[in-house]
Amino acid sequence: MSARYRTPLKDVRGLGSAKQGTHHFIVQRLTAIALVVLTCWFLYFVIGLMHADYLTAGDAVAKPWNAMLLIAFLVAMFWHAQLGLQVIIEDYVHSHALALTAQIAVYFICILGALASVFAVVRIALGS
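Each step along the sequence shown adds one to the number in full-length UniProt numbering, with nothing skipped, and position 74 is 74.
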């Protein structure tokens, strides 16, 4: 008796397991846990700056711990968003060309957003 779980049609199309689902699942959960902690800090940080002027807010972001936590928040947020959108596209976009195009677009938009955000924080933190 064969212990194969793929149908002959799946063998022909190559639609079997890619052996990366567990890694994706774990990374998505880790970024979610990191975002819970970092979002709590971010809300505390932003609420503390609610009535502050521009210079006070800039000085608060320029503090090393705040800048590091803000960068960690931004990276985790964009990474988690990319992973979530990847799953949505895989599940609901059935045209291979459209799915591939959407995956590439989401990936580059998330990379661009993360780089621009981190650059802005670094620029504020370094005072230039």
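In this text, a Cβ means the ideal position worked out from N, Cα and C, and glycines have one as well. Because the structure is a prediction, the values reported are computed rather than measured.
Determine whether the beta carbon atoms of residue i and residue j lie at a separation below 8 Å.
{"i": "V121", "j": "L74", "result": "yes"}
{"i": "L28", "j": "G113", "result": "The sequence given here places Gln at residue 28; Leu does not occur at that position. No, the Cβ-Cβ distance between Q28 and G113 is not below 8 Å."}
{"i": "V61", "j": "L70", "result": "yes"}
{"i": "H80", "j": "L126", "result": "no"}
{"i": "I124", "j": "G48", "result": "no"}
{"i": "I111", "j": "A102", "result": "no"}
What first and last residue would you give for the alpha helix (DSSP H) that runs through residue i?
{"i": "A102", "result": "H96 to L126"}
{"i": "L49", "result": "That residue, L49, is in no alpha helix (DSSP H); it is neither H nor E in DSSP."}
{"i": "V87", "result": "P64 to Y92"}
My understanding is that residue i touches residue j, with C-beta atoms under 8 Å, so please give their C-beta distance in whole angstroms.
{"i": "residue 143", "j": "V106", "result": "Look at the range of the chain in this structure, 1 to 128, and you will see that residue 143 is not part of it."}
{"i": "T31", "j": "A67", "result": "Incorrect: roughly 20 Å between the Cβ atoms, too far for contact."}
Worksheet item: Mind pulling the beta strand (DSSP E) runs of 3 or more residues that sit fully within the stretch 16-40?
Response: none
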